[in-house]
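So the sequences go chain by chain: A and B. Counting from 1, one number per residue, gives the positions in the first sequence under our numbering. Counting from 241, one number per residue, gives the positions in the second sequence under our numbering. Written below as structure tokens is the structure these notes are about.
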Amino acid sequence: MLKIRNLESGYGKLRVLKHISMHIKHGEIVAIIGANGAGKTTLLSTIAGLIKAQSGEIVFADRDLGTVTPHQLPHLGCVMVPEGRQVFAPLTVEENLILGGRCRARDGAAATASRLEHQYELFPVLRQRRHQYAGTLSGGEQQMLAMGRALMAQPSLIMLDEPSTGLAPLIVQEIFKVIAAMRDEGKTVLLVEQNAKAALTIADRGYVLETGKVILQGAATDLLANRDVQRAYLGREKIE
Amino acid sequence: MNSNERQWSYWEPEQETIDRADLEQLQLERLQATLYRVGTHVPFYRNKFFNIKFNYESLRDLSDLSRLPFTTKQDLRDNYPYGLFAVPLRDVVRIHSSSGTTGMATVVGYTGNDINTWTNLVARVLTAAGVGKDDVIQIAFGYGLFTGGFGLHYGAERLGASVIPISAGNTRRQIQIMQDFKSSALVCTPSYALKMADVMMDMGVNPNGLSLKYGLFGAEPWSERMRLEINERLGIVATDNYGLSEVMGPGVAGECLECNGLHINEDHFLVEIVDPVSLKPVAPGEIGELVITTLTKEAFPMIRYRTRDLSRLLTEPCPCGRTFHRIERITGRTDDMLIIKGVNVFPTQIETILFDIEGTQPHYNLIVEREHHEDKVTVLVEVVESIFFDQMKKQRTIIDIIKKRLASELGVSVDVKLVEERSLERFNGKGSRVIDKRAL
Numbered sequence: 001m002l003k004i005r006n007l008e009s010g011y012g013k014l015r016v017l018k019h020i021s022m023h024i025k026h027g028e029i030v031a032i033i034g035a036n037g038a039g040k041t042t043l044l045s046t047i048a049g050l051i052k053a054q055s056g057e058i059v060f061a062d063r064d065l066g067t068v069t070p071h072q073l074p075h076l077g078c079v080m081v082p083e084g085r086q087v088f089a090p091l092t093v094e095e096n097l098i099l100g101g102r103c104r105a106r107d108g109a110a111a112t113a114s115r116l117e118h119q120y121e122l123f124p125v126l127r128q129r130r131h132q133y134a135g136t137l138s139g140g141e142q143q144m145l146a147m148g149r150a151l152m153a154q155p156s157l158i159m160l161d162e163p164s165t166g167l168a169p170l171i172v173q174e175i176f177k178v179i180a181a182m183r184d185e186g187k188t189v190l191l192v193e194q195n196a197k198a199a200l201t202i203a204d205r206g207y208v209l210e211t212g213k214v215i216l217q218g219a220a221t222d223l224l225a226n227r228d229v230q231r232a233y234l235g236r237e238k239i240e
Numbered sequence: 241m242n243s244n245e246r247q248w249s250y251w252e253p254e255q256e257t258i259d260r261a262d263l264e265q266l267q268l269e270r271l272q273a274t275l276y277r278v279g280t281h282v283p284f285y286r287n288k289f290f291n292i293k294f295n296y297e298s299l300r301d302l303s304d305l306s307r308l309p310f311t312t313k314q315d316l317r318d319n320y321p322y323g324l325f326a327v328p329l330r331d332v333v334r335i336h337s338s339s340g341t342t343g344m345a346t347v348v349g350y351t352g353n354d355i356n357t358w359t360n361l362v363a364r365v366l367t368a369a370g371v372g373k374d375d376v377i378q379i380a381f382g383y384g385l386f387t388g389g390f391g392l393h394y395g396a397e398r399l400g401a402s403v404i405p406i407s408a409g410n411t412r413r414q415i416q417i418m419q420d421f422k423s424s425a426l427v428c429t430p431s432y433a434l435k436m437a438d439v440m441m442d443m444g445v446n447p448n449g450l451s452l453k454y455g456l457f458g459a460e461p462w463s464e465r466m467r468l469e470i471n472e473r474l475g476i477v478a479t480d481n482y483g484l485s486e487v488m489g490p491g492v493a494g495e496c497l498e499c500n501g502l503h504i505n506e507d508h509f510l511v512e513i514v515d516p517v518s519l520k521p522v523a524p525g526e527i528g529e530l531v532i533t534t535l536t537k538e539a540f541p542m543i544r545y546r547t548r549d550l551s552r553l554l555t556e557p558c559p560c561g562r563t564f565h566r567i568e569r570i571t572g573r574t575d576d577m578l579i580i581k582g583v584n585v586f587p588t589q590i591e592t593i594l595f596d597i598e599g600t601q602p603h604y605n606l607i608v609e610r611e612h613h614e615d616k617v618t619v620l621v622e623v624v625e626s627i628f629f630d631q632m633k634k635q636r637t638i639i640d641i642i643k644k645r646l647a648s649e650l651g652v653s654v655d656v657k658l659v660e661e662r663s664l665e666r667f668n669g670k671g672s673r674v675i676d677k678r679a680l
């Protein structure tokens, strides 16, 4: 559903992504792993249209994203959960969620209400906090809110940027469970993560980014078994 | 069998019937990653790319591959033993060596993932050839450094079949075990299958009384006629499969039960057909040298490896539903190419013609000599007993027919001698039927 060919992107004269090619099939979780500065966030931002690609093509659901502005993207069925949550702190949980469903407002109030209900089922803690200001939530709760807010747009593709950042291991587990559940609901997930082990454990396939290049790609199980990946990205996990 | 009624089975249906556009995307992704890895990890490739000023980060399209230099058997020898490995030796879990059909051996390595991929690809080839988990597979390829035995072995185990790792040789014992263990599939070289048929006759074993249903043959070129003879004499469906240790081993390509060309596992290998002399791509459908680039190998990636095997690409869709393109059976090796009176002649061309003629056997030798500064080719071919002991007239007719056909199709005149049935040497492994006596 998403096809990227020879994508080059960066900031000003700086070329961060060098000829990236990748694809995501419907109903897959694809993990992008790599160290700091490998170009993971640049990749997501370029897909989302926040950064303009220098060359190459991005095709989503048979449309060239080069001509699509960021705010049109949710209407096409692609939403992004940005790094660091970026919830609207002065708004309540419920207001945040409803804002996420803005692009589907035409479906009517009843549809919005049922989607809201669905998010509360997926994230029971959000129901408890529905009238609380988003800024008062814990990190894990904010991450769930950010994901719930994205799901309100009824996306077919959801892009997650570092959902585990700054969260306690137990909370990370819970977040990843929800991500796996999203796939089971038929969503397609593009997951950018530094926590390579957690990401590859739930992913179907993965791409390993190093200095703006895809150095390895393949089935997630193969990447977990790859010795280069183990040394570079999984080593720290073993010591912990 | 009618192909419409046949139930096609696949080992990895999603991959084997992949949409061609999706396949090309996957190939591009994998090629880019492979080039990047060999460009950074293998000094040989890094220097090669540097010398032609090719930036391995800049490949944008599969067709750009033709800008890259070839890798040859000599390159493997020059970097003997570990020079072309793309991972440190501690990541390598298996080492094989090429069969050394021509000269010094070469070394190849596999990571755990490589072995896993290899096993799956062999399981695909076995499934395509009709073999399944209920089969008893007799593997009469040599086990050891040669990739044939172990490659097929693990693939067959992955399928869940019962594997008899009998290895090559001791034909009588092979047949005894085939009878007693009720082998339903035989894996070996096609010439060895024919030798088994001969020995069965000597032993008074009726092949129709065996459980044998399928034969998977590879590791040497063979002809359609030879397939028919194997099918008939052993009462099986013989399929061809292809691989070479330099790019992996068996599992690179294999025939489905249509028996009309070998499906290349294109999600793991990129195949090109080039003219062995000019090294330019041949016109679509033309015969040329097979050039293979690996897309997923970790320990031993190969960029544009010249296999020296001759084939042509078949791009028409196959009734079996696999979307992978096919190669025609290997029709010979570029090193077997004989230049006779300035004409390029492949022994397999002669083979095909011989086997088209009523009364001949699929066993022959080619003797090339130089007489009075001129090349002279003599074909020794076995004929059925009835002809051999018949009047001279019938023999003369056959010789004339063979001579005429060879002369018209090869453009070279040759001598033909008929020999008695089973008087020429039979081969256990790879056969060599050309005797070149020219001192060049």
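Ideal placement from N, C-alpha and C gives every residue a C-beta, glycine not left out.
- For Tyr-276 of chain B, a Cβ of chain A is located within less than 9 angstroms of the residue's own Cβ.
- With 16 or more neighbouring CB atoms inside 10 Å of its own CB, Thr-411 of chain B falls in the buried class.
- For the region 317-329 of chain B, the set of positions with a beta-carbon nearer than 9 angstroms to some beta-carbon of chain A reads Val-327, Pro-328 in chain order.
- His-23 of chain A carries a strand assignment under DSSP once its states are collapsed to helix, strand and coil.
- Taking C-alpha positions only, Gly-218 of chain A is separated from Cys-558 of chain B by approximately 27 angstroms.
- By the CB criterion at 9 angstroms, Phe-123 of chain A and Met-147 of chain A fall inside the cutoff.
- Its Cα nearest to that of Val-365 of chain B, the residue B:Gly-501 stands out among B:Gly-501, B:Thr-592, B:Glu-625.
- Fully contained in the region 336-376 of chain B are the following beta strand (DSSP E) runs of length 3 or more, in chain order: 347-350.
- CA-to-CA, the gap between Lys-657 of chain B and Phe-629 of chain B works out to about 14 angstroms.
- Within 10 angstroms of the beta-carbon of Thr-555 of chain B lie fewer than 16 other beta-carbons, which makes it exposed.
- Residues of chain A with a Cβ closer than 8 angstroms to the Cβ of Glu-297 of chain B are, in chain order, Lys-18, His-19, Lys-213.
- For a cut-off of 8 angstroms, the C-beta gap from Pro-169 of chain A to Gln-143 of chain A is around 14 angstroms, too long to register as a contact.
- Under the 10 Å beta carbon count, Asn-448 of chain B is surrounded by fewer than 16 other beta carbons and is classified as exposed.
- Segment contact: the region 522-535 of chain B against the region 287-301 of chain B, fewer than three CB-CB distances shorter than 8 angstroms; contact not assigned.
- The three-state secondary structure of Asn-605 of chain B, taken from DSSP, is strand.
- Within 9 angstroms of the CB of Gln-72 of chain A, no CB atom of chain B is found; the nearest one sits about 24 angstroms away.
- At least one C-beta of chain A is nearer than 9 angstroms to the C-beta of Gly-352 of chain B.
- Each of B:Leu-275, B:Val-674, B:Phe-390, B:Val-514 was checked against the Cα of Trp-358 of chain B, and the nearest Cα belongs to B:Phe-390.
- Nearest to Leu-305 of chain B by alpha-carbon distance, out of B:Gly-409, B:Leu-275, B:Leu-266, is B:Leu-275.
- Bridge partners of Arg-231 of chain A according to DSSP: none are assigned.
- Residue-level contact check: Leu-268 of chain B touches chain A, since one or more beta carbons of chain A fall below 9 angstroms from its beta carbon.
- In terms of beta-carbon proximity, Gln-217 of chain A lines the interface with chain B, with at least one pair separated by less than 9 angstroms.
- Three or more Cβ pairs closer than 8 angstroms define a contact, and the region 199-216 of chain A falls short of that threshold against the region 253-262 of chain B.
- Annotated three-state conformation of Leu-160 of chain A is strand, per DSSP.
- For Ile-215 of chain A and Lys-197 of chain A, the gap between their C-alpha atoms comes out near 17 angstroms.
- Taken in chain order, the unbroken stretches of alpha helix (DSSP H) that lie wholly in the region 258-317 of chain B and span 4 residues or more are 260-281, 283-291.
- Of all C-beta pairs linking the region 376-392 of chain B to the region 328-339 of chain B, three or more are shorter than 8 angstroms, placing the two stretches in contact.
- Contact check for Ile-47 of chain A against Met-80 of chain A passes: the beta carbons are separated by less than 9 angstroms.
- The straight-line gap separating the alpha-carbon atoms of Pro-70 of chain A and Glu-57 of chain A is approximately 16 angstroms.
- Cβ-Cβ distances below 7 angstroms link Glu-210 of chain A to Gly-34, Ala-38 in the same chain, with the five nearest sequence neighbours on each side left out; the list follows chain order.
- Burial check for Pro-587 of chain B: the Cβ neighbour count within 10 Å reaches 16 or more, so the residue is buried.
- Looking at the backbone, the Cα of Tyr-133 of chain A and that of Glu-94 of chain A are separated by about 9 angstroms.
- Using a C-beta cut-off of 8 angstroms, the region 567-580 of chain B makes no contact with the region 535-545 of chain B, since fewer than three inter-stretch Cβ pairs fall below that distance.
- At a cut-off of 9 angstroms between beta carbons, Ala-203 of chain A makes no contact with chain B.
- If you compare the alpha carbons of B:Lys-422, B:Gly-444, B:Ala-493 with that of Phe-457 of chain B, the shortest gap goes to B:Ala-493.
- The Cβ of Glu-256 of chain B sits no closer than 9 angstroms to any Cβ of chain A.
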